[in-house]
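Just so we're aligned, residue 1 is where the sequence shown starts under UniProt numbering, counting upward by one. Here's the structure we're looking at; comments come further down.
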Amino acid sequence: MFLLAVMFISFGIFAQKKEVKNAEKAIEKENFDEAKSEIQLAEQQLDELNTRWKIRFYIAKGEALRGKNDGLNTSLEDLINSGKAFESAKKLDKEDNDAIEGLQKTQGAMVEQAIQNQNEGKHMLASEKMLASYELNKNDTLYLYYAAGNAVTAKEYDISLDYYKELQDLGFTGKATTYFAVNKETKEKQRFETKTYRDLSVQSGDYINPTDEETQSKKGEIAKNISLIYIQKGEKEKAIKAIERAKESNPDDVQLMQAEADLYYQLDNLAKYQEIMKEITKLRPEDPILFLNLGITADQAGDVEGAIEYYKKAIELDEDMIEPHLNIAASILKKEEPIVNQMNQLGMSAADNKKYEELKEKRKQYYIEARPHLEKVIEIQPENVDAIRTMMNIHYQLGNDSEAEKLRVQLKKLTE
């Protein structure tokens, strides 16, 4: 009886090994349905296989479930189970290259599908696939970040809020080194999960031009998004507390300060926005974008002269930056409106005529002040239709008809 039992056990193990081999052969021929059937048979007595054969079983299962085209058209459920199979293989041997590569391909399929869904406007589906990819390997917190972003776009604010809070609890910053190499055959740049795996791929000869790229911290952006979600939900106090919490450990973090400034901007508290932005300029006095933004909010608050000073500071730091030149011109020309109103209200008396000429000269000075800024914009960006049209009208007002006609011809060419 004992001998017979041993024979039955041996036969069972032999049968399972054969089924694993059959699954591997079917995968090579891309007969994935057949491979799944063989895997189901082998799985019935999986515990009887030794470690080496279990690894082969899980890898075959992962590949069978991922299916054709590296999983690009596979259901999310099958991709999740494929990833779990490769994870099971990795638990048995964390250095197994087939398991590592298999998991990476399955995650890659989820991410590729998510990107495709995102491009199609199916943001919640994209979010679900990014989350599934993260859950396969929770070291890949960047995928949770992308899941949160897609949930926001889908207006699933409660879901995205949970993801962002989890990222904060994990201490996620998004700042890391990412490893790339170019596929020799496809010429496409590919991201690798680890430096070791990238370097091995380059050594194999299949990849070339390895590069390392540093990603910027996303801590400020996450804090800002959490606060904006609270604003969307009508929970102003929670929005403010979310930023304050993020700043506790890094009070001078410029990204977090910018997020806080953006929050107060969203809350229409321009005074608080200006206050924080001025603090940021002390930390980054060479950043023209900061001064441009200060100019914009000063303009919105009705402080035209203050706005112009900020724009001039931005130009000092970056003379070829178009926006401050355009905004200075617009701020100067904005002063024209009350003068025009005054001119239209004057009568025909000698005193009124004198006043009219004085206002006309003042208006002319505004045109002269605005002109060099518009000329600079046209020099940098000769196809800027709005700048050309405004400059043309200024030349007509100043009596420079020949210059105005040149711009009219240029405008016609751009708008025909």
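Quick reminder that beta carbons are idealized off the backbone N, C-alpha and C, glycines included. All of these numbers come straight from a predicted model, not from anything done at the bench.
How should residue i be labelled, buried or exposed, when 16 other C-beta atoms within 10 angstroms of its C-beta is the threshold for buried?
i	result
Ile388	buried
Lys29	exposed
Phe11	In this prediction, Phe11 has a pLDDT of 40, which is less than 50 and means its spatial position is unreliable; nothing more can be read from the coordinates.
Pro372	exposed
Ile368	exposed
Met348	exposed
Ser402	exposed
Pro324	buried
Gly171	exposed
Lys376	buried
Gln44	exposed
Ala176	exposed
Val409	exposed
Ser227	buried
Arg66	buried
Pro338	exposed
residue 421	Since the first and last residues shown for the chain are 1 and 416, residue 421 lies out of range.
Ala351	exposed
Asn97	exposed
Phe2	Confidence is the limiting factor: at Phe2 the pLDDT is only 43, short of 50, which leaves the residue's position unreliable and the question unanswerable from this model.
Thr211	exposed
Thr106	buried
Thinking just about the alpha-carbon of each residue, which of the options is nearest to the one in residue i?
i	options	result
Asp253	Glu357, Ile296 and Leu283	Leu283
Val182	Gln203, Glu166, Glu369 and Trp53	Gln203
Gly62	Asp78, Asp158, Tyr396 and Ala301	Asp78
Tyr366	Phe32, Val111 and Lys334	Lys334
Gln113	Lys91, Lys84, Thr141 and Asn73	Asn73
Lys54	Glu19, Ser37 and Lys25	Glu19
Leu414	Ala404, Asp386, Ile394 and Asn400	Asp386
Leu326	Gly302, Glu379 and Leu346	Glu379
Gly205	Lys218, Thr215, Glu185 and Ala147	Glu185
Asn209	Lys406, Ile229, Leu267 and Lys187	Lys187
Ala60	Gln216, Glu128, Phe86 and Asn50	Phe86
Leu200	Arg56, Glu101 and Glu237	Glu101
residue 436	Gln381, Ala35, Lys189 and Leu407	Nothing about residue 436 can be read from this structure; the chain reaches only from 1 to 416.
Met110	Lys362, Ala370 and Asp70	Asp70
Gly399	Lys360, Glu213 and Glu214	Lys360
Gly149	Ile229, Lys94 and Lys189	Ile229
Ile231	Ile27, Ala23, Tyr146 and Leu263	Leu263
For residue i, name the three-state secondary structure that DSSP assigns.
i	result
Glu120	coil
Glu213	strand
Thr390	helix
Ala5	Caution applies to Ala5, whose pLDDT of 41 falls short of 50 and renders its modelled position unreliable; the value that the coordinates give is listed next. Three-state DSSP puts Ala5 in a helix.
Phe57	helix
Lys189	strand
Val20	helix
Ala404	helix
Leu414	helix
Phe11	Annotation note: pLDDT 40 at Phe11 (below 50); position unreliable, coordinate value reported separately. The answer is helix: DSSP assigns Phe11 an H, G or I state.
Could you pull the start and end residues of the alpha helix (DSSP H) that residue i belongs to?
i	result
Gln345	Glu336 to Gln345
Lys138	Run containing Lys138: none; DSSP gives neither H nor E here.
Arg371	Ala350 to Ile380
Pro288	Pro288 to Gln300
Asn225	Lys219 to Gln232
Asp33	Phe32 to Glu43
Lys165	Tyr157 to Asp169
Ala246	Lys236 to Lys247
Leu200	Lys195 to Gln203
Glu305	Val304 to Leu317
Which residue comes first and which comes last in the beta strand (DSSP E) that contains residue i?
i	result
Phe180	Thr177 to Asn183
Please tell me whether, using a cut-off of 6 Å, the distance from the CB of residue i to the nearest non-hydrogen atom of the ligand MG is below it.
i	result
Ile276	With respect to small molecules bound, the structure shown includes none, and the ligand MG cannot be examined in it.
Counting only beta-carbon atoms, is residue i nearer than 7 Å to chain B?
i	result
Glu416	No chain B is part of this structure, which consists of one protein chain only.
* Unbroken alpha helix (DSSP H) runs of length 4 or more, entirely within the segment 50 to 99: which are they? -> 51 to 66 and 76 to 92
* Enumerate, from N- to C-terminal direction, the unbroken alpha helix (DSSP H) stretches of 4 or more residues contained entirely within the segment 252 to 293. => 254 to 266 and 270 to 283
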